[in-house]
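So the numbering used here is basically just the index in the sequence shown, starting at one, shifted up by 33. This report concerns only the one structure given below.
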Amino acid sequence: MIMASSLLFNKILSRLLHGSVNPDILNRQKQTPLMLAAMHGKIECVEKLLDAGANVLMFDTVNGRTCLHYAAYYGHFSCLKAILSSAQYSPVAASWGFVRFVNIRDGKGATPLHLAARQRRSECVHILLDNGALVCASTGRYGYPGSTPLHLAARGGSLDCIRGLLAWGADRLQRDSSGRIPYMVALKHRHGSCASLLNPTSSEPLVWPSPLKFISELNPEAKALLEQALMDANREREKSILKGGAYSLPPQSHSDCVDDNISEVSESELCCICFEQVCTIEVQNCGHQMCAQCTLALCCHKKPNPTTASITPPVCPFCRSNIARLVVVIKLENHDETDQDSVDINCSKINKTKKLRNLNDIGSSSFKGLSGVSSFGKLGGRSSGRVADEWIDKQ
Ligand SMILES: [Zn+2]
Ligand SMILES: [Zn+2]
């Protein structure tokens, strides 16, 4: 089967290269080569087809699905990304609108996000959310009618999908057509840990701050760093939920990997808000610096309220000027030793900051320290943490 499909793909590819075949040729189920390539995760083929002008907005007759549904359902995130980035600049975006394409429904009303959540494809869930997938959309007939992505993630039992959806503001109290909240779905299918996170009586997770969406250009590295800080904070919170303990923000637990490195950091490296963590984020245009946690706290609303949510961009806590842009201030050399692949610090992004010299001095070990530091409030026990708490409370 796999052999056969590889052969088929190679054949299609070579024909495409010679321009002798319509890239949208259909089989009996009205599936296009692009759908099949996305289903099988054939990224080279997906790319070639897209280059050849394959139409991303075709529906098959099996479930009324598009290539985007297939990539999401089977969890082929590189194919998903390729289709999304091609759709962004294709006639589809112009005629249909890109966000509408991201939220495209199959014959039963399922969006690609519903399918990815149901199939435990956390990478795809993340990519789709990042591209504007609606986190609270209800299905038509797919799954139990009226299911949200969170219901389907609860059904699938993927903690990572649930984390991602919650961090994006999914509502634990939204009911499906039978009146069930996701918590009940997780319980029914005996996904205990998922149920704990979905239990409406457990503490609210942190949600990706909506004011960050107003910062005109959120530098990708800065975004990755902030997202990591957010997810780490939620994991800390999870520990106490799963233990049944009380939770307070930010958790002041201690991590072993941090202290030796941090002792090498001079006072001038430390964030002037919490005095505990290394500055990793620079505010532009003013150039003030702070740590990822403080940046996140500055912009973070624990529970976005659509009626009161402010639409003003966050301001720099030092000079009160509007934050136009956030960039990463660090330069790191050997980050391959770390296990934190989601924060990909680009070494070419050398910043002319005065911090640079000292960071180079502590070398590769600094990244370990930083990755620990970026998991919210690792340096417990120091009273200066209170400063940040109080400062955040006043916001
Ligand atoms: Zn700080
Ligand atoms: Zn400033």
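The beta carbon of each residue, even a glycine, is placed where N, CA and C say it ideally should be.
Grouping DSSP H, G and I as helix and E and B as strand, with all else coil, what is residue i?
i	result
glutamate 309	coil
leucine 206	coil
isoleucine 314	strand
glutamine 62	coil
glutamine 326	helix
leucine 101	helix
asparagine 88	coil
leucine 251	strand
alanine 362	A quick correction: the sequence has valine, not alanine, at residue 362. Note: valine 362 maps to coil in three-state DSSP.
leucine 348	Note that residue 348 is valine in the sequence shown, not leucine. The answer is strand: DSSP assigns valine 348 an E or B state.
leucine 258	helix
lysine 113	What sits at residue 113 in the sequence shown is leucine, not lysine. Here leucine 113 sits in helix by DSSP.
leucine 239	coil
asparagine 267	helix
If you draw a straight line from the C-alpha of residue i to the C-alpha of residue j, how long is it?
i	j	result
threonine 97	isoleucine 137	Note on identity: in this sequence residue 97 is glycine, with threonine being the wrong assignment. About 10 Å.
serine 288	methionine 264	Because serine 288 carries a pLDDT of 41, less than 50, the predicted location of this residue cannot be relied on, and the following value inherits that uncertainty. Going by the C-alpha atoms only, they are around 16 Å apart.
lysine 141	glycine 320	50 Å
cysteine 380	cysteine 227	Here cysteine 380 scores only 36 on pLDDT, less than 50, and its place in the model is too uncertain to base an answer on.
cysteine 349	asparagine 355	6 Å
serine 229	lysine 221	13 Å
glycine 225	leucine 331	33 Å
proline 178	arginine 208	10 Å
histidine 159	alanine 149	10 Å
glycine 108	histidine 73	10 Å
lysine 215	proline 66	One detail in the question is off: residue 215 reads as proline in this sequence, not lysine. Near 36 Å, if we compare the C-alpha coordinates of proline 66 and proline 215.
leucine 389	cysteine 305	Its pLDDT being 40, under 50, leucine 389 is placed unreliably in this model, and the coordinates cannot settle the point.
valine 132	alanine 126	8 Å
isoleucine 116	methionine 323	36 Å
histidine 262	arginine 268	Checking the sequence, you will find alanine at residue 262 rather than histidine. One C-alpha to the other measures close to 10 Å.
leucine 206	proline 233	7 Å
leucine 359	leucine 146	28 Å
Which residue wins for smallest C-alpha separation from residue i, given the options the options?
i	options	result
isoleucine 58	Gly74, Ile76, Lys75 and Val89	Val89
tyrosine 103	Val95, Val79, Met68 and Lys75	Met68
glutamate 118	Arg270, Leu161, Ile195 and Leu329	The sequence as given places serine at residue 118; glutamate does not occur at that position. Per the Cα distances, Leu161.
alanine 257	Val54, Ala87, Val361 and Leu146	Val361
arginine 353	Leu329, Gln326 and Asn318	Asn318
isoleucine 274	Pro253, Ser235 and Ala85	Ser235
tyrosine 175	Leu183, Asp163 and Asp139	Asp139
Inter-stretch contact at 8 Å, needing at least 3 Cβ pairs: the stretch 194-203 / the stretch 231-243: yes
The stretch 159-168 touching the stretch 184-191, judged by at least three CB pairs closer than 8 Å: no
Length at least 4, wholly inside the stretch 167-207: the alpha helix (DSSP H) runs in chain order: 182-189 and 192-200
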